[in-house]
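Reviewing the structure listed below.
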Amino acid sequence: MIQTIWQPDSQVQTQLQALKPYLLAHVHIDNVAINARVHQLLKAGGKFLRPGFFYLFSQFGDDPAADRLQAGAAAMELLHVATLIHDDVIDESPERRHVTTIHQDYGQRNAIYAGDLLFTCYFDLVVASARTTADITRNVAAMRAILQGELDQMAHNFHPQTTLSDYLKVAAGKTARLFSLSCQQGAQLAHAPQTVIDLAQQIGLKLGVAYQMLDDILDYTGDEQLTHKPVLSDLREGVYSLPLIFALQVDPTLAKQLPMPGQTITETELLAIRDQVVALGGVTKAQQLATDYTQQALSLINQLPAGPTQQTLRQLVTQLLIRNH
C-alpha cells in the first residue's frame with residue numbers, strides 16, 4: 088500500500104498507483120523464493136517519496152512522455168529498495184515494511200545478491216528512460232555518491248569524535264543524493280527549464296538532509312509501532328548520529344558510556360544514554376537544524392514557477408518535517 092502522504096485523487100497518486108504493477112513486471116529474479124520475497128517487499132510499498140518527487144518535478148516540463156517518465160520514476164524506487172535490502176543485512180533488521188527481510192530467511196549472501204540484481208534492474212529502467220547519455224551518467228554519479236556515503240558512515244561508526252561536518256557529508260551522500268537525483272531527473276526528463284532543473288537538484292539535497300536528520304531524531308524519540316524499527320538501533324550499532332553529536336559537544340564525558348565494537352550493551356544502558364542525550368539538548372538542537380534545512384528547501388521552492396505544483400511541494404516538505412515515522 089502507498090502511504091497516504093500523497094493527496095488522494097491527485098495526478099501523482101494516480102501515477103504512483105500505476106507504478107507498483109510496473110515495478111513488479113520489470114523485476115524478475117530466477118530464484119523463485121527470492122523473487123517472491125522481493126515482489127512481496129515491492130507490493131508492501133511505502134511512502135514512494137522518491138518517485139513521487141520525480142513525478143512532481145516532471146510537472147514543470149513541457150514534454151510529459153508517460154512511458155519515459157514511468158521508467159524514470161520506477162528506477163528511483165528500485166535504487167532505493169536495493170539499498171534498503173543491503174542496509175537490512177548490515178543492520179541485521181528482521182523486518183522491512185512488515186515483510187520478513189531476505190537475509191533473515193535466506194541468508195546474508197542471498198540478500199546481497201538480491202540487492203545487486205535490483206541494481207541491474209534499476210539500470211535497465213535508467214536506460215529506458217534516458218534521452219541522452221548525460222541522463223545515464225547522472226545516475227551513475229548519484230549511485231556512486233550514495234554508496235560512498237554508506238562507506239563514509241561505516242568509517243565513522245563507534246567514533247565519538249565524529250563531527251557535524253562528518254555527519255553532513257554522510258547524510259548528503261547516502262540519503263540526500265537520491266532525493267536530489269529524483270527531483271532533478273523528473274524535471275530533466277520532462278524538459279523543464281534549466282533554472283527549474285538546477286533548483287530541483289538543490290531542493291532535493293536540502294530536503295534529503297532534513298529527512299535524514301528527522302530519521303535520526305526518531306531513533307531517539309520514535310514509537311517502534313510507527314517507525315517499524317527498534318528505537319536506538321543506530322546507537323546500538325555504533326552509528327553516532329546528529330542528536331548524539333550535539334550532546335557530546337555539550338558533555339564529551341558521555342563518550343565513556345557509548346558501546347564499542349563487539350561490546351554488548353543492555354536496554355537499560357541504552358535508555359540511560361538516550362535520556363542524557365535528550366537532557367543535554369541533543370534532540371532539540373537536531374530538530375532546530377532539521378527545521379533550518381527544511382526552511383532552506385522551502386526558500387528554494389519559492390523560486391519555482393508559481394502554481395499548484397509549487398504549492399504541493401511546499402505543503403509536502405513542511406509535512407515531512409513533522410512526520411512520526
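Position 226, counted from 1, in the sequence shown is what the numbering used here calls 313; the numbers after and before it change by one each time, with no gaps. Each residue gets a CB set at the ideal place from its N, CA and C atoms; glycine is no exception.
Could you check which residue in E354, K343 and H185 has the C-alpha nearest to that of G133? In this structure, H185 is the residue among E354, K343 and H185 with its C-alpha nearest to the C-alpha of G133.
Quick one, are the C-beta atoms of L331 and V296 less than 8 angstroms apart? The answer is no: Cβ separation not under 8 angstroms.
Please give me, in chain order, every unbroken run of the alpha helix (DSSP H) with length at least 4 that falls completely inside the stretch 90 to 162. If we require 4 residues or more, the alpha helix (DSSP H) runs fully inside the stretch 90 to 162 come out as 98 to 112, 119 to 131 and 136 to 145.
Report the rounded CA-to-CA distance for Q102 versus G325, giving the unit in angstroms. Using only the alpha carbons, I get a separation of about 39 angstroms.
Assuming E164 contacts L255 under a Cβ cut-off of 8 angstroms, what Cβ separation, rounded to an integer in Å, is found between them? In this structure E164 does not touch L255 by the C-beta definition: roughly 26 angstroms separates them, more than the 8 angstroms allowed.
Can you say whether P108 is buried or exposed, counting buried as having 16 or more other CB atoms within 10 angstroms of its CB? Exposed.
Suppose you measure from the CA of A384 to the CA of K261; what does that come to, to the nearest Å? Here the C-alpha atom of A384 lies approximately 18 angstroms from the C-alpha atom of K261.
Close-in-space but distant-in-sequence residues of the same chain around Q344 (CB under 6 angstroms, 5 per side omitted): The residues are I360.
With distance defined between alpha-carbon atoms, name the residue in I223, F266 and T371 nearest to H167. Ranked by how close their Cα comes to the Cα of H167, the residues I223, F266 and T371 have F266 in first place.
Can you find the residues in the same chain that come closer than 7 angstroms, C-beta to C-beta, to Q235, ignoring five residues on each side of it along the sequence? Excluding sequence neighbours, Q235 sits near G260.
Using CA atoms only, rank isn't needed, just tell me which of L335, L136 and D175 is closest to W93. The closest CA to that of W93, considering only L335, L136 and D175, is found on L136.
When the distance is taken between beta carbons, is P138 closer than 8 angstroms to A160? Yes, these two residues count as a Cβ contact at 8 angstroms.
Sub-8 angstroms separation of Q397 and I409 beta-carbons: If you check the CB distance, Q397 and I409 do not come in under 8 angstroms.
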